[in-house]
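Q: Here it is, the structure in full.
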Amino acid sequence: MSKVVAISGGFGCLGIAVGEAFAANGWRVALIDQASVPRPLADTARSEKLLIGAVDLTDLHMANCAMQQVQQHFQGLDALINVAGGFRWETIEGGDLATWDLMYQMNVRTAATASMAALTHLKKAEAGRIINIAAGAASKASLGMGAYAAAKSGAMRLTEALAEELKDQRITVNAIMPSIIDTPQNRLDMPDADATRWVTPEQVANVIVFLASQEASAITGAAIAVNGRC
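Now the structure itself:
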């Protein structure tokens, strides 16, 4: 029986790319998102793909229900990929403290809540995997990235703590730290930038698939930079 992966933030550009990469490697895929299921995605979904929309992953009950739905549909769960997150550019002077709360909710709490909900199922797997999406800003913040960088640093600390907690339970926990990802929104926000230097969603997805593989079984608590030419 092929392995099962659940991907939060699964309806966005990166989430879709990650799902396609896992499917291409023979995995059965569950895409989970706060948004409703987009019609184009529903129309192209195959039998080995489960789409779960309208899930608030900051809510533990809703996260538990989503993971239980994955378990019931596929009879197992082998990997959780926490793609759900968000970005706000805002300077600290003149900024809004609500932005700090929002960045925490989107980038840390969603990953913590989804991980809590998935652990019961991952512990039944032969080799469980949790992979979080941090960012290069987790190591060094740039102008206007205080709240975002603090949140992504939180995602890294979550990764490290959970890796230690689970290292004797056949579950590895790692994080990806991409630079700028080449998405339509980023091209719109940075029209003068050289997008050929950015990393593509597919390149990030390939690294994630590797970390979920048996070949990466010795890697846990790591932060993998995926920078393109940035």
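If you're matching positions, the sequence shown starts at 1 in this note's numbering and goes up one per residue.
Ideal Cβ placement from N, Cα and C applies to all residues, glycine included.
Bear in mind that the values here come from a model prediction, so they are computed numbers and not experimental data.
Which runs of the beta strand (DSSP E), 3 residues or longer, sit entirely within the region 144-191?
A: Fully enclosed beta strand (DSSP E) runs of 3 or longer: 171-178.
Q: Go ahead and pull the three-state DSSP assignment for asparagine 206.
A: It is helical.
Q: What's the gap between the Cα of cysteine 230 and the Cα of glutamine 72?
A: Cα-Cα distance, rounded: 42 angstroms.
Q: Would you kindly check if the distance between the Cβ of glutamate 90 and the Cβ of glycine 144 is under 8 angstroms?
A: Yes.
Q: Flag this pair as yes or no: are the beta carbons of valine 4 and alanine 30 separated by less than 8 angstroms?
A: Going by C-beta atoms, valine 4 is nearer than 8 angstroms to alanine 30.
Q: Span of the alpha helix (DSSP H) holding isoleucine 16?
A: Residues 13-24.
Q: If you draw a straight line from the C-alpha of leucine 211 to the C-alpha of leucine 162, how long is it?
A: Cα to Cα, leucine 211 sits roughly 16 angstroms from leucine 162.
Q: The beta strand (DSSP E) spanning leucine 31 covers which residue range?
A: Here the beta strand (DSSP E) through leucine 31 covers 28-32.
Q: Let me confirm a value: leucine 57 is counted as buried when at least 16 other C-beta atoms fall within 10 Å, else exposed. Which label applies?
A: The residue is buried, with at least 16 neighbouring Cβ atoms inside 10 Å.
Q: Closest Cβ-Cβ distance between aspartate 101 and chain C: below 8 angstroms?
A: Absence of chain C from the displayed structure is noted, only one protein chain being present.
Q: Quick check for students: name the residue ranges of the beta strand (DSSP E) that lie wholly in the region 112-139, counting only runs of 3 or more.
A: With a minimum length of 3 residues, the continuous beta strand (DSSP E) runs that stay inside the region 112-139 are 128-133.
Q: Out of Ser139, Met116, Ala111, Ala150, point me to the one whose CA is closest to isoleucine 133's CA.
A: Answer by Cα proximity: Ala111.
Q: Tell me the DSSP bridge mates of isoleucine 224?
A: Bridge partners of isoleucine 224: Ile176.
Q: Output needed for valine 226: all residues of its chain with C-beta closer than 8 angstroms, excluding positions within five of it in sequence on either side, in chain order.
A: Closer than 8 angstroms at Cβ, skipping near neighbours: Ile176, Met177, Pro178, Ser179, Val199, Gln203, Val204, Val207.
Q: By how many angstroms is the C-alpha of aspartate 189 removed from the C-alpha of aspartate 182?
A: Straight-line Cα distance between these residues: approximately 11 angstroms.
Q: DSSP three-state label for alanine 35, please.
A: Reduced to three states, the DSSP call for alanine 35 is coil.
Q: Skipping 5 residues on each side, what residues in its chain have a beta carbon closer than 8 angstroms to that of lysine 167?
A: If we look at lysine 167 and ignore the five residues flanking it on each side, its Cβ neighbours are Thr220, Gly221.
Q: Taking the beta carbon of aspartate 78 as the centre, do at least 16 other beta carbons fall within 10 Å, making it buried, or is it exposed?
A: With 16 or more Cβ atoms within 10 Å of its Cβ, aspartate 78 is classed as buried.
Q: Is it true that the CB of alanine 127 sits closer than 8 angstroms to the CB of serine 8?
A: No. Outside cutoff.
Q: With a threshold of 8 angstroms, are at least 3 pairs of Cβ atoms found where one atom belongs to the region 92-108 and the other to the region 146-156?
A: Taking 8 angstroms as the limit for Cβ pairs, the verdict is that the region 146-156 does touch the region 92-108.
Q: If you reduce the DSSP assignment to three classes, tell me which class leucine 77 lands in.
A: The answer is coil: DSSP assigns leucine 77 none of H, G, I, E or B.
Q: For the alpha helix (DSSP H) holding leucine 102, just list the boundary residues, first then last.
A: Element bounds for leucine 102: 97-104.
Q: Do alanine 42 and leucine 51 have their CB atoms nearer than 8 angstroms?
A: Yes. Within cutoff.
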